Each structure stands twice: as structure tokens, then as C-alpha cells.
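Structure record follows, encoded as C-alpha cells.
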Amino acid sequence: DELTLVVIGESAKASDLLALDGKTGKKVGAAEVESITGTVADLKTVFAATKTLTPTLELAADVAVSVSGTVKASDLTAVLAATTGVVTATIAADTAAKLKTALADANPAGKNVLNLTVNGAKADAGDLVVIKDLTSGKITVTAKEISGSLSDIKAVLVTNADKFTGLDKVAVKITGATVPLTDLDAILAATSGIVTATVASGTAADLVDALENAKATDALKLEVTGTPTAADLLALDGKTSVVVDVKAISI
């Protein structure tokens, strides 16, 4: 049938749009619909119908999308690329690297509301930094360890801590250059997990003051300069599981 169909209203179900598409040989007009909901399979089919050489469905370029159920990030790629509107979805748990790659087409500025769970034995802090900018929702981290540069670790555990959940017990490995004393304690305070880092050298007193939240299980490589007191050395010994390197000539 050659029926002229125009869909109005704020929202529409993807399944209804597909049903209408099957009832006419003409393009179904739904450009006034502000949001569509449905399974990721139906939504992918809806958007595919708008992208063919002879489109059979018309949608607004910025139509909002709400995906039902839990979906794989790789299955959502086509939907994210098809609209500049807000996409709301719960993504199946995956590693940080895979989520970053699969969600590369997500709209910028964290506009989408994607509920994400990062799993795996380890997560790269740089990947987490990228992921945080792809969603306005919370990111749950169940990975046992995160590793990366000081700047990326700080961005995850300190600066943008409100974007993540599940980091309070995660192990942290800071790679690269030595960590300045002024930067480490906030990271130590953010997790009860083991923190591994090479710390900038300093006097025993300065190290004790700067590492207030360090614990005996942390793997902090410490180098003491100057002339330390025995009390300060004992205090430092209780802040790391690594042997403290004392460069002092006398104690």
C-alpha cells in the first residue's frame, strides 16, 4: 500500500515504527518524534531504514534513544553513530580497553547516559580517563587493579572520583617518573588497596608528613635524604612493604 504516514508525539517505540514501515511503500515520517525506545536490535533496524539509498523511515538527526535491557557495547555502536541525541543504555560489563574502542562513536562531552561496568584483572587508567568523557552516568569499576601515569591515576581516583564507583579497594600501580610528595597522599587516601609507586626522595620527616595515608601493605619505593631520626625511620617502615633506602651518613 502507498499510505502517507506521519508519526507525532514526544516518543515512539522502535517496534511500532518498524510495524508502520511494513504497512506502506512510502517513507514513514517521524521527524517530529523527540525520542524512541526499544531493544538494540529494533533500534539498529530503525536507523538502518533511515540510511538506505531510498530511506523508508525519517527521524530527526538528534532524536534521543533509550535502549531496553543490557547490551554489549559493540552492539550499540551503530546506534551511537546514528544520532546526535542523548542515548541512554546499560552496557554489559567489559574491560576498559574494549569499552573504549566500542564506544568511540559516542557523542562528545559525555552527553550520553551510559551505565558502564569495567571488569577484568587490570584496567589502564588512560582508558578510564577516555571512558569517563563518553558518559554522564556512573562508571562502576570491578577490575582488581588500575595502572598508569600519575596524571591519569589522579584524574580517575581524585579529580573525577565522583564519576566512578568501586575504586575504594582497588590496587593502584603508578608507572613512569617518580611521584612528587605533594601528589601521592590523595591517591593513598582514595583506596585501601595496595598502591605501588616510586616516590621522590626527601627527608624522613618530610616523607612521614607527606605520606599520612600510606600503610604497611603499600609498595612505595622510598629514598631518605638528610639525617633522619630513628622515630621517623620506624614510621616510614610502617608505610611501605619495600625496604626504605636511607642515604644518610648518620642517624
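The opening position of the sequence shown corresponds to residue 1 in this note's numbering, with each subsequent residue numbered one higher.
Here a beta-carbon is modelled for each residue, glycine too, at the ideal position from N, C-alpha and C.
All values derive from a computational prediction rather than experimental measurement.
Beta strand (DSSP E) segments (min. 3 residues) lying fully within the segment 187-225: 195-198, 219-221, 223-225
Chain-order list of residues whose beta-carbon lies under 8 Å from that of Lys51 (same chain, five-residue window excluded): Numbered from its first residue, the sequence shown carries residue 51 at position 51. Excluding five sequence positions before and after Lys51, the CB atoms of its chain that fall closer than 8 Å to its own CB belong to Ala82, given in chain order.
Given 8 Å, three or more beta-carbon pairs between the segment 198-215 and the segment 153-164: no
Candidates Leu43, Ala48, Ala30, of which the one nearest Glu58 by Cα: Here residue 58 refers to the residue found at position 58 when the sequence shown is read from its first residue. Comparing Cα-Cα distances from Glu58 to each of Leu43, Ala48, Ala30, the minimum goes to Ala30.
Those runs of the beta strand (DSSP E) which lie wholly inside the segment 119-169 and span at least 3 residues: 122-124, 139-141, 145-148
Distance CB(Lys239)-CB(Ala216) smaller than 8 Å: Mapped onto the sequence shown, residue 239 falls at position 239. Mapped onto the sequence shown, residue 216 falls at position 216. Yes; because the gap between Cβ atoms is below 8 Å, this pair is in contact.
Residues that Leu59 bridges to, as DSSP identifies them: Sequence index remark: in the sequence shown, residue 59 carries index 59 (1-based). Bridge partners of Leu59: Ala30.
Reference Gly176; option with closest CA among Thr191, Leu188, Leu167, Thr196: Counting from one through the sequence shown, the residue named residue 176 turns up at place 176. Comparing Cα positions, the closest option is Thr196.
Pairwise C-alpha distance: Leu236 and Val65: What you label residue 65 is simply residue 65 of the sequence shown in a count that begins at 1. What you label residue 236 is simply residue 236 of the sequence shown in a count that begins at 1. Whole-angstrom Cα-Cα distance: 54 Å.
Of the residues Val71, Lys13, Leu20, the one placed nearest Glu2, counting alpha carbons only: Taking the sequence shown and counting its residues from 1, the one referred to as residue 2 is at position 2. It is Leu20.
Proximity below 8 Å, CB of Thr140 to CB of Gly166: Sequence index remark: in the sequence shown, residue 140 carries index 140 (1-based). Sequence index remark: in the sequence shown, residue 166 carries index 166 (1-based). Cβ atoms of Thr140 and Gly166: closer than 8 Å.
Inter-residue Cα distance where the pair is Ala210 and Thr227: One-based indexing of the sequence shown puts residue 210 at position 210. One-based indexing of the sequence shown puts residue 227 at position 227. Between Ala210 and Thr227, the C-alpha separation is close to 17 Å.
Beta bridge counterpart(s) of Val86 as assigned by DSSP: To locate residue 86, count along the sequence shown from 1; it is residue 86. In DSSP, Val86 forms no bridge with anything.
Length of the line joining the Cα atoms of Asp105 and Val87: On the sequence shown, position 105 is the one that residue 105 refers to. On the sequence shown, position 87 is the one that residue 87 refers to. About 12 Å.
Thr159 vs Val179 beta-carbon contact at 8 Å: In the sequence shown, counting from the first residue as 1, residue 159 sits at position 159. In the sequence shown, counting from the first residue as 1, residue 179 sits at position 179. No, the pair does not count as a contact, with Cβ atoms beyond the cut-off.
C-beta contact flag for Leu128 and Asn112 at 8 Å: Against the sequence shown, residue 128 aligns to sequence position 128. Against the sequence shown, residue 112 aligns to sequence position 112. It is not a contact, given that the beta carbons lie outside the stated cut-off.
First and last residue of the uninterrupted alpha helix (DSSP H) at Ala64: Position 64 of the sequence shown, counted from the start, is the residue given in the question as residue 64. Premise fails: Ala64 lies in the beta strand (DSSP E), 64-71, not in any alpha helix (DSSP H).
Sub-8 Å separation of Leu43 and Val79 beta-carbons: For the purposes of this step, residue 43 is taken as residue 43 along the sequence shown, with counting starting at 1. For the purposes of this step, residue 79 is taken as residue 79 along the sequence shown, with counting starting at 1. Yes, Cβ-Cβ distance for Leu43 and Val79 is below 8 Å.
Alpha carbon of Val71 to alpha carbon of Ala41, nearest angstrom: The residue given as residue 71 occupies position 71 in the sequence shown. The residue given as residue 41 occupies position 41 in the sequence shown. About 10 Å.
Alpha carbon of Gly126 to alpha carbon of Leu53, nearest angstrom: Translated into positions along the sequence shown, residue 126 becomes position 126. Translated into positions along the sequence shown, residue 53 becomes position 53. C-alpha separation (whole angstroms): 40 Å.
Cα-Cα separation, Lys173 to Ala48: For the purposes of this step, residue 173 is identified with residue 173 of the sequence shown, where counting begins at 1. For the purposes of this step, residue 48 is identified with residue 48 of the sequence shown, where counting begins at 1. Their Cα atoms are separated by approximately 44 Å.
Buried or exposed (CB count within 10 angstroms, at least 16 for buried), Lys247: Residue 247 sits at position 247 when you count from the first residue of the sequence shown. Exposed, because fewer than 16 other Cβ atoms sit within 10 Å of the Cβ of Lys247.
Val243, buried or exposed, once every other Cβ within 10 Å from all chains shown has been counted against 16: Mapped onto the sequence shown, residue 243 falls at position 243. With fewer than 16 Cβ atoms within 10 Å of its Cβ, Val243 is classed as exposed.
Member of Val208, Asp206, Gly148, Ser11 whose CA lies at the smallest distance from the CA of Asp62: By one-based count along the sequence shown, residue 62 stands at place 62. Comparing Cα positions, the closest option is Ser11.
Length of the line joining the Cα atoms of Thr95 and Ser136: On the sequence shown, residue 95 is found 95 positions in, with the first residue counted as 1. On the sequence shown, residue 136 is found 136 positions in, with the first residue counted as 1. Rounded to the nearest whole angstrom, the C-alpha separation of Thr95 and Ser136 is 19 Å.
Residues sharing a beta bridge with Thr37, DSSP: The residue given as residue 37 occupies position 37 in the sequence shown. Bridge partners of Thr37: Lys13, Ser66.
Cβ neighbours of Val6 in the same chain (closer than 7 Å, five flanking residues each side left out): For this step, residue 6 is matched to residue 6 along the sequence shown. Correct list, in chain order: Gly29.
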